[in-house]
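Trainee: This note's numbering numbers the first residue of the sequence shown as 322 and each following residue consecutively.
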Amino acid sequence: MSSEVSTCEICDEKSILELLQQCFSCNNTYHLNPFSNKPGKDCGDAVIGESLGVYYYCRDCMENLSD
322 MSSEVSTCEI
332 CDEKSILELL
342 QQCFSCNNTY
352 HLNPFSNKPG
362 KDCGDAVIGE
372 SLGVYYYCRD
382 CMENLSD
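(1) Could you give the distance in angstroms between the alpha-carbon of cysteine 379 and the alpha-carbon of isoleucine 331?
(2) Apply the 10 Å Cβ neighbour rule to leucine 340 and answer buried if 16 or more other Cβ atoms are within range, or exposed otherwise.
(3) Could you give the first and the last residue of the continuous alpha helix (DSSP H) run that contains leucine 338?
(4) Just verifying my parser: in three-state terms, what is the DSSP assignment at serine 346?
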C-alpha cells in the first residue's frame, strides 16, 4: 500500500498526506502532527472553534490572527 505525498507550503518539505492538513483560512497545505505522544513536525495548529468544531490554521495565518 503506497501513501500519497504532497508538499508543505510553509516549510517546503514533502510528506505523506496523513501528516498534512489544509489551512481553514488560506487553503495551504501544512504539517500537522496528529499524535500528542509521538514526535512530529507542526507548521501550524488546530484550534477548537466556537461553532464549526476544529479549525486548522497554518503558521502564517496563526501569526496574522494574533496581530
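Just so you know, even glycine gets a beta-carbon here, dropped at the ideal spot from N, CA and C.
Mentor: In short, the structure shows the following:
(1) Within the sequence shown, the letter at position 58 stands for residue 379. Within the sequence shown, the letter at position 10 stands for residue 331. Those two C-alpha atoms are separated by around 7 Å.
(2) Along the sequence shown, one-based indexing puts residue 340 at 19. Looking at its Cβ environment, which holds 16 or more other Cβ atoms inside 10 Å, leucine 340 is buried.
(3) The sequence position of residue 338 within the sequence shown is 17, counting from 1. Note, leucine 338: premise wrong, no alpha helix (DSSP H); not H, not E.
(4) Position 25 of the sequence shown, counting from 1, holds the residue named residue 346. Coil.
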